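Trainee: Here numbering that gives the first Met the number 0 is used: the first residue of the sequence shown is 0, the next is one more, and so on.
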Amino acid sequence: MKFPNVNFHIHSKFSDGENTIHKIVDASLKLGLEYIAITDHFSNSWKSKVIPTLDSHEKLNNYLKKIKNIKHFLENSKEHAVLFAGIEIDLGSSKEYIHNFINPKKFDLILFEYLESFEGIAFIKNLINHWNLKIKYQQLPIFGLAHFDPSLFMYDGISILLNFLEDYMIYFEFNSSYSQFYSRKYQFFFEELKEHDIPITIGCDSHDLKSLNNGEEPLQMIKYYGLERNYKLFLDKIRSTTII
Ligand SMILES: [Zn+2]
Numbered sequence: 000m001k002f003p004n005v006n007f008h009i010h011s012k013f014s015d016g017e018n019t020i021h022k023i024v025d026a027s028l029k030l031g032l033e034y035i036a037i038t039d040h041f042s043n044s045w046k047s048k049v050i051p052t053l054d055s056h057e058k059l060n061n062y063l064k065k066i067k068n069i070k071h072f073l074e075n076s077k078e079h080a081v082l083f084a085g086i087e088i089d090l091g092s093s094k095e096y097i098h099n100f101i102n103p104k105k106f107d108l109i110l111f112e113y114l115e116s117f118e119g120i121a122f123i124k125n126l127i128n129h130w131n132l133k134i135k136y137q138q139l140p141i142f143g144l145a146h147f148d149p150s151l152f153m154y155d156g157i158s159i160l161l162n163f164l165e166d167y168m169i170y171f172e173f174n175s176s177y178s179q180f181y182s183r184k185y186q187f188f189f190e191e192l193k194e195h196d197i198p199i200t201i202g203c204d205s206h207d208l209k210s211l212n213n214g215e216e217p218l219q220m221i222k223y224y225g226l227e228r229n230y231k232l233f234l235d236k237i238r239s240t241t242i243i
């Protein structure tokens with residue numbers, strides 16, 4: 000099966016990336032990427048003191064507006080590339096902060112960063128349930144785990160994790176900047192993902208232009224684990240969803 004060239008995890012100057020969204024998209028087109036998501040940081044934990052984040056309504060609106068404009072441009076051009084409006088939410092952020100700033104209707108894709116405990120699972124469930132009520136069961140964005148470390152749940156609580164991913168339709172990301180999280184010692188975890196039909200995708204956590212097209216190694220590992228069908232589940236879903 001021929002898979003598209005993708006990168007569902009990219010940072011721009013709106014947080015700690017080096018480039019403007021415009022420049023990222025331009026470079027992605029030249030590299031032949033077909034699906035890309037801008038996923039800048041959102042946080043009010045310690046992280047927000049260290050890196051720039053999407054920390055005001057004005058900045059968030061500006062960010063979404065930029066993405067929307069380029070999205071429209073791509074749709075009306077002959078380029079075979081699709082841009083997704085994403086965001087990476089740090090789970091160390093407070094619930095109130097997230098409720099106040101994040102309108103799920105405005106995003107195609109939301110990544111959760113630092114899922115490390117059962118409390119984290121409960122936190123995400125509460126958020127998604129809250130959004131579900133708020134937008135009255137209209138389509139929610141696609142949800143995924145950013146650079147998730149399987150070892151944190153592999154020996155204790157794997158069934159809780161898998162049921163959660165399945166029930167809330169959350170995908171696992173093969174992140175080329177964190178190849179340790181898809182190393183062969185996690186074979187068992189990947190067999191479980193296959194068994195439970197958990198969608199998977201590829202993100203590079205790109206902060207510069209050189210890493211935009213680093214999806215080849217994750218793709219090899221997806222094939223190594225026999226997860227092509229899980230990857231296809233994700234691709235089918237995004238092909239039927241773009242919100243803005
Ligand atoms: Zn990131």
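From the three backbone atoms N, C-alpha and C, an ideal C-beta is built for every residue, glycine too. These figures come from a predicted structure and were not determined experimentally.
Quick check on the burial criterion: 16 or more other C-beta atoms within 10 angstroms. Buried or exposed for H313?
Mentor: This structure gives no information on residue 313, because the portion of the chain shown stretches from 0 to 243.
Trainee: Roughly how many angstroms lie between the CA atoms of D148 and S175, to the nearest whole one?
Mentor: Rounded to whole angstroms, D148 to S175 spans 13 Å at the Cα level.
Trainee: Would you list the one or two residues that DSSP bridges to D89?
Mentor: E112, per the DSSP bridge assignment.
Trainee: Taking the straight line between their C-alpha atoms, what separation do you get for E215 and F152?
Mentor: Roughly 27 Å between the two C-alpha positions.
Trainee: Mind checking whether L211 and I9 have CB atoms under 8 Å apart?
Mentor: The answer is yes: Cβ separation under 8 Å.
Trainee: Would you list the one or two residues that DSSP bridges to N174?
Mentor: N174 pairs with G202.
Trainee: Let's test the definition: count the other Cβ atoms within 10 Å of the Cβ of W45 and tell me whether it reaches 16, buried, or not, exposed.
Mentor: Exposed is the call here.
Trainee: Write down the C-beta distance between N131 and L139 rounded to the nearest angstrom, noting that I regard them as a contact closer than 8 Å.
Mentor: Confirmed, about 7 Å.
Trainee: So, V5 versus I69, is the Cβ gap smaller than 8 Å?
Mentor: No; because the gap between Cβ atoms is not below 8 Å, this pair is not in contact.
Trainee: Run the proximity test for T38: is its beta-carbon closer than 7 Å to any non-hydrogen atom belonging to ligand 1?
Mentor: Because some heavy atom of ligand 1 lies under 7 Å away, the Cβ of T38 counts as near it: yes.
Trainee: Report the partner residues of L144 according to the DSSP bridge assignment.
Mentor: In the DSSP output, where bridge partners are listed per residue, L144 has F111, F171.
Trainee: H98: buried (16+ other C-beta within 10 angstroms of its C-beta) or exposed?
Mentor: Its Cβ having fewer than 16 others within 10 Å, H98 is exposed.
Trainee: From which residue to which residue does the beta strand (DSSP E) around A36 run?
Mentor: Taken as a continuous stretch (DSSP letters only), the beta strand (DSSP E) holding A36 covers 34–41.
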